[in-house]
Amino acid sequence: MFKKSHLLIASLLAVTAAYAAEPGKIGYQDTPIIPGTKWHVHDGERPQPRVVTPGKTFSHMAPAPSDATVLFDGKDLSKWESAKGGEAKWKVEDGYMEVAPKAGSIQTKEKFADFQLHIEFATPSKVVGDSQGRGNSGILMNGIYEVQVLDSYNNPTYPDGQAGGLYGQTPPLVNASKPPGEWQSYDIIFESPRWDKDGKIEKKAAVTVIHNGVVLHHRREYQGTTPHKRNGDYSKVHAPEMFIQLQDHNNPMRFRNIWIRSIGEYDKP
Ligand code: MG
-5 MFKKSHLLIA
5 SLLAVTAAYA
15 AEPGKIGYQD
25 TPIIPGTKWH
35 VHDGERPQPR
45 VVTPGKTFSH
55 MAPAPSDATV
65 LFDGKDLSKW
75 ESAKGGEAKW
85 KVEDGYMEVA
95 PKAGSIQTKE
105 KFADFQLHIE
115 FATPSKVVGD
125 SQGRGNSGIL
135 MNGIYEVQVL
145 DSYNNPTYPD
155 GQAGGLYGQT
165 PPLVNASKPP
175 GEWQSYDIIF
185 ESPRWDKDGK
195 IEKKAAVTVI
205 HNGVVLHHRR
215 EYQGTTPHKR
225 NGDYSKVHAP
235 EMFIQLQDHN
245 NPMRFRNIWI
255 RSIGEYDKP
């Protein structure tokens, strides 16, 4: 009996060891190669983006244009719901929302296709944890195409998982992160993927990200969904209109001043 349980614990430990990153290392090399690159998913050896100190403010507290939908004005979560269904249960105070313990991710009730999104965030001023455990959240279009949110200020992690990374695919061009506790802005232009009538991908999702006034991506295509330690794909066909999800990754992240507007089409006023 003792031997049996001993064996079970030993094999559990072996499994855990096989799946965890090696101590002292910031990424993985036992993951698949990302198509079109020589890097593994979450490769710690991939070059670290250059650090750029952003200007003091950029679009911080930018008022919404007249055709925008205001998703959060600092007062309530009426435009949001829990990703698990039901009410969004994050904390709202002093003009911001904050991830509440065990509340889960939240997402917009309304859906949007090609859009311009303005959002501001602050990582916890009290630094806890490191790498992916420090100030982790994310902006996930339809819950499956992530622009990473992380405290990447003097916090080494695998490049495709740092602030502004297209998670597991493309690191940001540079690291324009502000210190913990300071408000930061993302201005994101997102184009939804489209499939033909046979379910073949016709137009990949593409994104432009400006972080604190600094370009991180310029119409960069997603390789598909952005899972952990795997390559994503476009096997799941969905409508162009998608919800915007904010990730609960067990860190008390704050968000404020969120608005979105449809990009529209040329010659179609
Ligand atoms: Mg995340």
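This note's numbering applies: residue -5 is where the sequence shown begins, and numbers increase by one. Built from N, CA and C at the ideal position, the CB exists for glycine as well.
Within a Cβ cutoff of 8 Å, which residues of the same chain sit near residue 14, ignoring the five residues on either side of it in sequence? Note that residue 14 scores 45 on pLDDT, short of 50, meaning its location in the model is unreliable; the coordinates nonetheless yield the value given after this. So the list is empty, once near-sequence residues are dropped.
Considering Cα atoms alone, identify which of 65, 198, 23, 36 is closest to residue 230. 198
Distance, Cα to Cα, residue 149 vs residue 192? 44 Å
For the beta strand (DSSP E) containing residue 102, list its first residue and its last residue. 100 to 102
Just the C-alpha distance for residue 194 and residue 164, rounded to the nearest angstrom, thanks. 23 Å
Along the chain, which unbroken stretches of the alpha helix (DSSP H) at least 4 residues long are found entirely within the segment 10 to 94? none
Does DSSP put residue 154 in a helix, a strand or coil? helix
Delimiting residues of the beta strand (DSSP E) encompassing residue 135: 131 to 135
Which value, in whole angstroms, describes the spacing of the CA atoms of residue 28 and residue 168? 20 Å
By the three-class DSSP mapping on this structure, what secondary structure does residue 178 have? strand
Output the residues surrounding the ligand MG, defined as those with a CB atom closer than 7 Å to any ligand heavy atom, in chain order. 130, 131, 132, 140, 142, 143, 144, 161, 241, 243
How about residue 133 and residue 204: are their beta carbons less than 8 Å apart? no
Using the beta-carbon count (16 or more within 10 Å), is residue 19 buried or exposed? exposed
Using the beta-carbon count (16 or more within 10 Å), is residue 60 buried or exposed? exposed
When we look at the beta-carbon of residue 49 and count the other beta-carbons within 10 Å, is it buried (16 or more) or exposed? exposed
In the structure shown, what three-state DSSP assignment does residue 125 receive? helix
Output yes if chain B places a C-beta closer than 8 Å to the C-beta of residue 209; else output no. The chain labelled as chain B is not found in the depicted structure, where only one protein chain is given.
Any idea what DSSP makes of residue 149, helix, strand or coil? coil
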